[in-house]
Amino acid sequence: MQFLKQRESTMPVNERPDTPCIAVCSTGMGDDICKGCQRTMLEVAHWVMLSEAEKEVIWQRLEQYWADQGKTPPWLKRGK
Numbered sequence: 000m001q002f003l004k005q006r007e008s009t010m011p012v013n014e015r016p017d018t019p020c021i022a023v024c025s026t027g028m029g030d031d032i033c034k035g036c037q038r039t040m041l042e043v044a045h046w047v048m049l050s051e052a053e054k055e056v057i058w059q060r061l062e063q064y065w066a067d068q069g070k071t072p073p074w075l076k077r078g079k
């Protein structure tokens, strides 16, 4: 699986949950990008098998996506 080039994280790793999933997955309904967390169908399906380095690249892309949207990442809102 090919991933984006790794860059410095915007969120401390110890503040992240195990997964960006917020239980609003739309990839099971045929969406290529999850409406809940913004991961691709392949990223969702393979998450538990990915290395920490591969996950880091995905985390960085997701953090940048939500920053560009001017919104708080949904996994930070969980349980609130």
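FYI, numbering that gives the first Met the number 0 numbers position 9 of the sequence shown as 8, with every residue one higher than the one before it. Glycine residues also receive a C-beta, built at the ideal position from the N, C-alpha and C atoms.
Residue range of the unbroken alpha helix (DSSP H) whose run includes MET80: Given a span of 0 to 79 for the chain in the structure shown, any question on residue 80 remains unanswerable.
Own chain, CB closer than 8 Å to PRO16, minus 5 neighbours either side, in chain order: Working through the sequence shown from its first residue, we reach residue 16 at position 17. So the qualifying residues of the chain are TRP74 and ARG77.
Pick from LEU49, GLN37 and CYS20: whose alpha carbon is nearest that of ALA66? Mapped onto the sequence shown, residue 66 falls at position 67. Out of LEU49, GLN37 and CYS20, GLN37 has the C-alpha closest to the C-alpha of ALA66.
Ends of the alpha helix (DSSP H) at GLU51? Your numbering for residue 51 matches position 52 in the sequence shown. Here the alpha helix (DSSP H) through GLU51 covers 51-68.
Length of the line joining the Cα atoms of TYR64 and VAL43: Counted from its first residue, the sequence shown places residue 64 at position 65. Counted from its first residue, the sequence shown places residue 43 at position 44. A straight-line Cα-Cα distance of about 16 Å links TYR64 and VAL43.
Take CYS20 and list the residues in its own chain whose beta-carbon comes closer than 6 Å to its own, dropping the five residues that flank it on each side. By 1-based counting over the sequence shown, the position of residue 20 is 21. Result list for CYS20: CYS36, in chain order.
Short of 6 Å in beta carbon distance, which residues of its chain neighbour VAL23, apart from the five on each side in sequence? Order them along the chain. The residue given as residue 23 occupies position 24 in the sequence shown. Answer for VAL23: GLY35, listed in chain order.
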